[in-house]
Amino acid sequence: MTDAVAPKRAAGPWAAVWAQFRRHRGAMAALILLGLLAAFVFIGPLLWRIDPNFIEKNTAKMFKMRNLAPSLAHPLGTDQLGRDMLARMMFGGRISLAVGTVAMLVAIFIGTTVGVLAGYFRRLDNWLMRLTDLFLALPLLPLLLVMMFLFRDAIAGVLGPRLGTFLLIVLAIGVTSWMQAARVVRGEVLALKEREFVLAARSIGTPDRRIILRHILPNVLSPVLVAATLGIAAAIITESVLSFLGLGFPPDFPTWGRLLYDGIGDIRTSPERVVWPGLAISLTVLSVNYIGDGLRDALDPRIRGR
Amino acid sequence: MLDDAPQPLVQVRDLKMHFPIYAGLLRRRTGAVKAVDGVSFDIMAGETLGLVGESGCGKSTVGRALLRLYAPTAGTVVIDGEDVATLSPEALRKKRPTMQMVFQDPQASLNPRMTLAAIIGEPLDEHTGWNAEKKLARVYELMDQVGLNRAFAGRYPHEFSGGQRQRIGIARALALNPKFIVCDEPIAALDVSIQAQVVNLLEDLQERLGLTYLFISHDLSMVRHIADRVAVMYLGQIAELSPRDALYARPLHPYAQALLSAVPEADPAREATRRRIILQGDVPSPANPPLGCNFCTRCPKVFDRCRVEEPKLTEVEPGRFVACHLVTDNMTGGHRPAGAEAPEHKQQGEVT
Numbered sequence: 024m025t026d027a028v029a030p031k032r033a034a035g036p037w038a039a040v041w042a043q044f045r046r047h048r049g050a051m052a053a054l055i056l057l058g059l060l061a062a063f064v065f066i067g068p069l070l071w072r073i074d075p076n077f078i079e080k081n082t083a084k085m086f087k088m089r090n091l092a093p094s095l096a097h098p099l100g101t102d103q104l105g106r107d108m109l110a111r112m113m114f115g116g117r118i119s120l121a122v123g124t125v126a127m128l129v130a131i132f133i134g135t136t137v138g139v140l141a142g143y144f145r146r147l148d149n150w151l152m153r154l155t156d157l158f159l160a161l162p163l164l165p166l167l168l169v170m171m172f173l174f175r176d177a178i179a180g181v182l183g184p185r186l187g188t189f190l191l192i193v194l195a196i197g198v199t200s201w202m203q204a205a206r207v208v209r210g211e212v213l214a215l216k217e218r219e220f221v222l223a224a225r226s227i228g229t230p231d232r233r234i235i236l237r238h239i240l241p242n243v244l245s246p247v248l249v250a251a252t253l254g255i256a257a258a259i260i261t262e263s264v265l266s267f268l269g270l271g272f273p274p275d276f277p278t279w280g281r282l283l284y285d286g287i288g289d290i291r292t293s294p295e296r297v298v299w300p301g302l303a304i305s306l307t308v309l310s311v312n313y314i315g316d317g318l319r320d321a322l323d324p325r326i327r328g329r
Numbered sequence: 143m144l145d146d147a148p149q150p151l152v153q154v155r156d157l158k159m160h161f162p163i164y165a166g167l168l169r170r171r172t173g174a175v176k177a178v179d180g181v182s183f184d185i186m187a188g189e190t191l192g193l194v195g196e197s198g199c200g201k202s203t204v205g206r207a208l209l210r211l212y213a214p215t216a217g218t219v220v221i222d223g224e225d226v227a228t229l230s231p232e233a234l235r236k237k238r239p240t241m242q243m244v245f246q247d248p249q250a251s252l253n254p255r256m257t258l259a260a261i262i263g264e265p266l267d268e269h270t271g272w273n274a275e276k277k278l279a280r281v282y283e284l285m286d287q288v289g290l291n292r293a294f295a296g297r298y299p300h301e302f303s304g305g306q307r308q309r310i311g312i313a314r315a316l317a318l319n320p321k322f323i324v325c326d327e328p329i330a331a332l333d334v335s336i337q338a339q340v341v342n343l344l345e346d347l348q349e350r351l352g353l354t355y356l357f358i359s360h361d362l363s364m365v366r367h368i369a370d371r372v373a374v375m376y377l378g379q380i381a382e383l384s385p386r387d388a389l390y391a392r393p394l395h396p397y398a399q400a401l402l403s404a405v406p407e408a409d410p411a412r413e414a415t416r417r418r419i420i421l422q423g424d425v426p427s428p429a430n431p432p433l434g435c436n437f438c439t440r441c442p443k444v445f446d447r448c449r450v451e452e453p454k455l456t457e458v459e460p461g462r463f464v465a466c467h468l469v470t471d472n473m474t475g476g477h478r479p480a481g482a483e484a485p486e487h488k489q490q491g492e493v494t
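Chains A and B, in that order, give the protein sequences.
Numbering (the working numbering) for the first sequence: 24 to 329.
Numbering (the working numbering) for the second sequence: 143 to 494.
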């Protein structure tokens, strides 16, 4: 008898999750698309070896290089300073994807922590939710600008300009975008903790931290995943806003958001310069969204069986 | 079963559970819902005490306060020699294995994201240092005990029927070899055909493992089947606590009489002569109970004293406790209101 059930257990819960995930067509397509995007930005620069910041020294030549239409030498054309758009898209994607992912993780971590604590511990609820309201009421853009303005040089001095700016941007975006997640999670936790299985765990004598980890967190997964997928998009956009205002990455440093803003001035003459970064951002967001959708279904045992 | 177990396993004294009401702009405390207001009873080892009453009378709250899922407002709950109501958190955690609970809604009481083995094994994770193999062996043993196929161990709760889920809940409650189990309406959410299965399972387990139950239910015929003694609750207080047969043959408290008159008879001839006592009005709010007897607003035999003085739960016959002026007066031969009949019946325990 024991032998008969052993293989089923050995397969493990993750095999079942993966099997269900593969059945979600949209999620699989999105996973492939996101894989292609990642390959484009991380492997692409190894094959397409043009320096994204290369500007022709000779002014006359540089002027000829500006705003070129797509050609074999420059498949996506060149920008207003004659830099190769394809190379800039690749390098920009690295930053944008990294900022989006890490900032989302920071925001989700803070939001889930605050939400779970506020929902679960009655004593903390009022304080934490007022803090959340406080953050929601703050004008975020000026706050971000002040944070960047005050800390950029200090952090850059310690960690170097690139890593320093990256860290600061990621933290700044994370710290200012966790509130929605916190509210949604708190609501879910408030409902969950009155469910009888939480009561049952307490009657067993499970301590609060393990009730949270074992019973609460797995059951708030769906709203967290939804918030996470939307968070990536918001983080990419916020980063581009910061860069546009001159307080993000240095001006010559390409990111998708920055390319988008740079291209807006020339949208009538060369619309493709806006279309490419915009498309890249949209595809990223879309695929992350679909992956989140598939993941949520795959992680829910009630849906998985069907 | 009563004879060989004279020692009470559970002693509840004057248990009170008040939930505060906050209102107004400043969230000031304006009152309290007296869900349980001074309840006392004993449960002998190996006995089943039935706890019946209508919805909202505080049955479930008693059960939960007994296991300190709610912190009681006042009173003591001595289970197996220790006062659960005042134990420190760490001592309480060590005490948890002796007392467990079976919940009403088997759907809600199982975490939908855990496998059956993980659910039944959770108490073992918390209270034993066993390795995975030993735990699994115990889980299989428990599944055998409640009649679940071992092959189901890797499945999730939504894959089971209501009756099977309730068995999972029972297996979880049994995992740590408890002495005392609170069954909080364990059959209310099940089909009638499944109810009998689950109740029989509970009886079997009691016989085999020597368990003590507090069986909370509003199903009077099921309580009659399983309980040794029955407590009738009304609005946070015990109206009558009597041995089962005596109570069903001759309820003493007017509320118990009304409640039991609602049980249908299986025999059509007797059903035709059954006289229902239909109570008028609604249950008063537990936030603002009446001054005297809690039942005085609806009692068909109410008289003046009921409205001013609260009756105490007193032993009126051996083993029978009633909180009613009418009955206690009867016993002492004191004042009796006109129209209230004095039931001159045989002694308890002579019922078919």
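Every residue gets a Cβ at the ideal spot worked out from N, C-alpha and C, and that includes glycine.
Checklist entry - Assuming G254 of chain A contacts G49 of chain A under a Cβ cut-off of 8 Å, what Cβ separation, rounded to an integer in Å, is found between them? => result So it is not a contact: roughly 20 Å between Cβ atoms.
Checklist entry - Taking C-alpha atoms, which residue in A:S119, A:V169, A:A130, A:A83 lies nearest to A204 of chain A? => result Of A:S119, A:V169, A:A130, A:A83, the residue nearest in Cα terms is A:A130.
Checklist entry - Which chain A residues are close to A250 of chain B, counting only those with a beta carbon under 7 Å from its beta carbon? => result Near A250 of chain B (Cβ distances below 7 Å), the residues of chain A are R218, E219, F220.
Next on the checklist: 9 Å is my cut-off, CB to CB: does N253 of chain B come that close to chain A?
Outcome noted: By this cut-off, N253 of chain B is an interface position.
Item to check | Unbroken beta strand (DSSP E) run spanning A177 of chain A, endpoints | outcome: For A177 of chain A, there is no enclosing beta strand (DSSP E); the residue is found in the alpha helix (DSSP H) stretching over 163 to 182.
Item to check | Presumed contact (8 Å Cβ cut-off) between L306 of chain A and L60 of chain A, rounded CB distance | outcome: 6 Å between Cβ atoms; contact.
Item to check | Three-state secondary structure (DSSP) of V181 of chain B | outcome: Correct three-state label for V181 of chain B: strand.
Item to check | Where S245 of chain A meets chain B, residues with beta-carbon distance less than 7 Å | outcome: Here the premise fails: no neighbours, minimum Cβ distance about 11 Å.
Next on the checklist: Counting only beta-carbon separations shorter than 9 Å, does D26 of chain A have a partner in chain B?
Outcome noted: Confidence at D26 of chain A is low in this model, with a pLDDT of 42, below 50, so its placement is unreliable and the value that follows should be read with caution. No, because no Cβ of chain B sits closer than 9 Å to the Cβ of D26 of chain A.
Checklist entry - By Cβ distance below 7 Å, which residues in the same chain neighbour D222 of chain B in space, the five residues on each side in sequence not counted? => result The beta carbon of D222 of chain B is closer than 7 Å to those of L151, T240, K321 in its chain, skipping five residues each way along the sequence.
Item to check | Per-residue contacts from F245 of chain B into chain D (C-beta, under 8 Å) | outcome: Absent from the structure: chain D. Protein chains present are A and B.
Checklist entry - L154 of chain A: which of A:I192, A:L164, A:G134 sits nearest, CA to CA? => result Just measuring C-alpha positions, the residue of A:I192, A:L164, A:G134 sitting nearest L154 of chain A is A:G134.
Checklist entry - In this structure, does DSSP put P265 of chain B in helix, strand or coil? => result Here P265 of chain B sits in helix by DSSP.
Checklist entry - Is H467 of chain B helix, strand or coil by DSSP? => result If DSSP states are grouped into helix, strand and coil, H467 of chain B belongs with the helices.
Item to check | chain A within 9 Å of M364 of chain B, Cβ atoms only | outcome: Residue-level contact check: M364 of chain B does not touch chain A, since none of the beta carbons of chain A fall below 9 Å from its beta carbon.
Next on the checklist: Tell me the residue span of the alpha helix (DSSP H) that contains Q339 of chain B.
Outcome noted: Here the alpha helix (DSSP H) through Q339 of chain B covers 334 to 351.
Checklist entry - So who's on the other strand from P294 of chain A, going by DSSP bridges? => result Residue pairing by DSSP leaves P294 of chain A without any beta bridge partner.
Checklist entry - Comparing the C-beta of G228 of chain A with each C-beta of chain B, is any distance below 9 Å? => result Taking Cβ atoms only, chain B reaches closer than 9 Å to G228 of chain A, which makes this a yes.
Checklist entry - Under a three-way DSSP split, which group does L389 of chain B fall into? => result Note: L389 of chain B maps to helix in three-state DSSP.
Checklist entry - To the nearest angstrom, how far is it from the Cα of S335 of chain B to the Cα of D361 of chain B? => result About 14 Å.
Checklist entry - In terms of DSSP beta bridges, what is F132 of chain A paired with? => result Checking the DSSP bridge columns, you'll see F132 of chain A has no partner listed.
Item to check | For R314 of chain B and P265 of chain B, believed in contact at Cβ under 8 Å, the rounded distance | outcome: Taking 8 Å as the upper bound for CB-CB distance, P265 of chain B and R314 of chain B are in contact here, some 6 Å apart.
Checklist entry - Tell me the DSSP bridge mates of D326 of chain B? => result B:I358.
Next on the checklist: So P396 of chain B and K454 of chain B are supposed to be a Cβ contact under 8 Å. How far apart are they, rounded?
Outcome noted: The C-beta distance from P396 of chain B to K454 of chain B rounds to 16 Å, too long to fall under 8 Å, and the pair is not in contact.
Checklist entry - Just how far apart, CA to CA, sit T101 of chain A and F272 of chain A? => result T101 of chain A and F272 of chain A have their C-alpha atoms spaced approximately 21 Å apart.
Item to check | Short CB-CB distance (under 9 Å) between L322 of chain A and chain B | outcome: At least one CB atom of chain B sits nearer than 9 Å to the CB of L322 of chain A.
Next on the checklist: I'd like to confirm the pairing. Which residues does DSSP put opposite K176 of chain B in its beta bridges?
Outcome noted: For K176 of chain B, which the question treats as bridged, DSSP gives the partners B:H160.
Checklist entry - Going by beta carbon distance, what residues of the same chain come within less than 8 Å of P432 of chain B, once the five residues before and after it are set aside? => result Excluding its 5 nearest sequence neighbours in each direction, P432 of chain B has C-beta neighbours in its own chain below 8 Å: P426, C438, T439, R449, listed in chain order.
Checklist entry - Applying the criterion that 16 or more other CB atoms from any shown protein chain within 10 Å of the CB defines a buried residue, is F86 of chain A buried or exposed? => result Per the 10 Å Cβ criterion, exposed.
Checklist entry - Closest by CA to E287 of chain B, which one among B:N342, B:P393, B:N273? => result The sequence shown places Gln at residue 287 of chain B, rather than the Glu named in the question. With respect to the C-alpha of Q287 of chain B, the residue from B:N342, B:P393, B:N273 having the closest C-alpha is B:N342.
Next on the checklist: Residues of chain B with CB closer than 8 Å to the CB of R325 of chain A, please, in chain order.
Outcome noted: Within chain B, the residues near R325 of chain A are P254, Y298, H300.
Checklist entry - Would R209 of chain A pass as a contact of G142 of chain A if the rule is Cβ separation under 9 Å? => result Yes; because the gap between Cβ atoms is below 9 Å, this pair is in contact.
Checklist entry - By the 10 Å Cβ neighbour count, where 16 or more other Cβ atoms means buried, how is W279 of chain A classified, buried or exposed? => result That one is buried.
Checklist entry - Of all Cβ atoms in chain A, is any one closer than 9 Å to the Cβ of M241 of chain B? => result So, interface residue.
Checklist entry - Can you tell me the Cα-Cα spacing of G180 of chain B and G195 of chain B, whole angstroms? => result Rounded to the nearest whole angstrom, the CA to CA distance from G180 of chain B to G195 of chain B is 16 Å.
Next on the checklist: Quick check: is the beta carbon of R206 of chain B nearer than 9 Å to any beta carbon in chain A?
Outcome noted: It does: the Cβ of R206 of chain B has a partner Cβ on chain A nearer than 9 Å.
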